[in-house]
Amino acid sequence: MSDCIFCRLLAGELPATFLFRDDQCAAFMDIQPVNPGHVLVIPVRHAPYLADLDSATAGRLMQEGQRIAAAIRRSGVRCEGINLFLADGEAAMQEVFHVHLHVFPRFAGDGFGLRFGPHYKELPSRAALEKVGSEIVRVLQ
Numbered sequence: 040m041s042d043c044i045f046c047r048l049l050a051g052e053l054p055a056t057f058l059f060r061d062d063q064c065a066a067f068m069d070i071q072p073v074n075p076g077h078v079l080v081i082p083v084r085h086a087p088y089l090a091d092l093d094s095a096t097a098g099r100l101m102q103e104g105q106r107i108a109a110a111i112r113r114s115g116v117r118c119e120g121i122n123l124f125l126a127d128g129e130a131a132m133q134e135v136f137h138v139h140l141h142v143f144p145r146f147a148g149d150g151f152g153l154r155f156g157p158h159y160k161e162l163p164s165r166a167a168l169e170k171v172g173s174e175i176v177r178v179l180q
């Protein structure tokens, strides 16, 4: 897709620091990193949302994310932990609509965090969990 920045990176139209690329996935350094060592893992085929991927490619993204996380830990980059983050949809903070898995090192005091909503500490009833769960199971079947 000509208007997708990740597709343009894959096409060589824009510069990127690739860590690997094959016919299914690619990984490159994020140009606006949370911390040094922040990597994006993407499918080579354009897919805006996670559900648009076939299961093999989705699984492969996670496998490569795991492999990158291990490499970050062994690399000498400051790293006391790793976050894997995939935003799926605008409400989930997705900004580039080409599936991408963020893999980034974390350390105490790095300033990054997620903020919970005002009702987070209010635990739902078992009945509410069962109701929502049954709605999801209905679609899975």
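Under this note's numbering, the letters of the sequence shown match residues 40 to 180, in that order.
For each residue, glycine too, the CB sits at the ideal point set by N, CA and C.
Same chain only: Cβ atoms within 6 Å of residue i, ignoring 5 sequence neighbours per side
| i | result |
| --- | --- |
| GLY76 | ILE111, VAL116, PRO144 |
| ALA126 | MET132, GLN133 |
| GLU129 | none |
Cβ shell of residue i (< 7 Å), same chain only, five flanking positions each side left out
| i | result |
| --- | --- |
| GLU103 | CYS64, ALA66, VAL80 |
| HIS85 | MET40, CYS43, CYS46, HIS137 |
Reduced DSSP category for residue i - H, G, I as helix; E, B as strand; rest coil
| i | result |
| --- | --- |
| VAL135 | coil |
| ILE28 | Since the first and last residues shown for the chain are 40 and 180, residue 28 lies out of range. |
| ALA126 | coil |
| VAL83 | coil |
| LEU53 | coil |
| LEU179 | helix |
| LEU92 | coil |
Whether residue i touches residue j by CB criterion (9 Å)
| i | j | result |
| --- | --- | --- |
| PRO82 | ARG60 | no |
| ILE107 | LEU153 | no |
| MET101 | LEU49 | no |
Beta-carbon separation (whole angstroms), residue i vs residue j, contact threshold 8 Å
| i | j | result |
| --- | --- | --- |
| ALA95 | LEU89 | In fact, because the Cβ distance is near 13 Å, the residues do not count as touching under 8 Å. |
| LEU123 | VAL142 | 6 Å |
| PHE146 | CYS118 | 7 Å |
Cutoff 8 Å; reference residue i; Cβ partners in own chain excluding five residues on either side
| i | result |
| --- | --- |
| PRO72 | PHE143 |
| LEU53 | ILE44, ARG47 |
* What residue ranges within the segment 99–124 form continuous beta strand (DSSP E) runs of no fewer than 3 residues, ordered along the chain? -> Taking only runs of at least 3 residues, the beta strand (DSSP E) segments lying wholly in the segment 99–124 are 120–124.
* **alpha helix (DSSP H) segments (min. 4 residues) lying fully within the segment 144–175** => Segments of the alpha helix (DSSP H) lying fully in the segment 144–175: there are none.
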